[in-house]
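Trainee: Please see the structure below; I have some questions.
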Amino acid sequence: MAARRLIGATRSWAGWRAWELPDPAGFVRLHVRDYAKRPAVFKGGKGGKGAAVGETLKDPEVCTDPVQLTTHAMGVNIYKEGQDVVLKPDSEYPEWLFQMNVGPPKKLEELDPETREYWRLLRKHNIWRHNRLSKNQKF
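Residue numbers (the working numbering): -6 to 132.
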């Protein structure tokens, strides 16, 4: 009897789905989980993450209209349908928005050593240097 229960348990462990193992006490059942189901194969396109079945990804349309480019924020709309966001006058935006550095990042020599930004950048450079040096170590 014990051998039959043991053989039944090994068969259920080898399966591809969840089985209930018999418990010697007879009253309590032990649930065993198995591997997850295989993902569905997407048709068309590369079938990347988040793509629906039968739906192919395509590049966005490029707008060349100068009036549309100066009055709307092109490419900001995240929905499939609807219009792009209309730009407001500069007076309706906060002042710090126009003081942001949108160019290339400042170099370490250009920053003042008394600022937090300088020390953060210095730490980042030291981490990068340490990572480059430790990449060639054998242990």
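From the three backbone atoms N, C-alpha and C, an ideal C-beta is built for every residue, glycine too. Nothing here was measured: the structure is a model prediction, and the numbers come from that model.
1) How is V78 classed by DSSP in three states: helix, strand or coil?
2) Alpha carbon to alpha carbon, how far is E85 from V78? Give it in angstroms, no decimals.
3) Tell me the rounded alpha-carbon separation between L104 and E110.
4) For H65, which residues does DSSP report across the bridge?
5) So, at 8 Å on beta carbons, what are the nonlocal neighbours of H65 in its own chain, with the 5 sequence-adjacent residues on each side left out?
6) What number of angstroms, rounded off, separates the C-alpha of D58 from the C-alpha of I120?
7) Among K117, R125, M93, which one has its Cα closest to the Cα of K100?
8) Alpha carbon to alpha carbon, how far is Q130 from R122?
9) Does DSSP put V60 in a helix, in a strand, or in coil?
10) Thinking C-beta only, is C56 closer than 8 Å to L62?
11) Less than 8 Å separating the beta-carbons of G68 and P87?
12) Residues in its own chain within less than 7 Å of L90 by CB, not counting five upstream and five downstream?
13) Could you spell out the range, first to last residue, of the alpha helix (DSSP H) harbouring I120?
Mentor: From the atom records:
1) strand
2) A direct Cα-Cα distance of roughly 15 Å separates V78 from E85.
3) Distance between the alpha carbons of L104 and E110 is about 8 Å.
4) H65 pairs with V79.
5) Q76, D77, V78, V79, L80
6) 46 Å
7) K117
8) 13 Å
9) helix
10) In contact: L62 and C56 (Cβ atoms closer than 8 Å).
11) no
12) Excluding residues within five positions, none has a Cβ falling inside 7 Å.
13) 109 to 128
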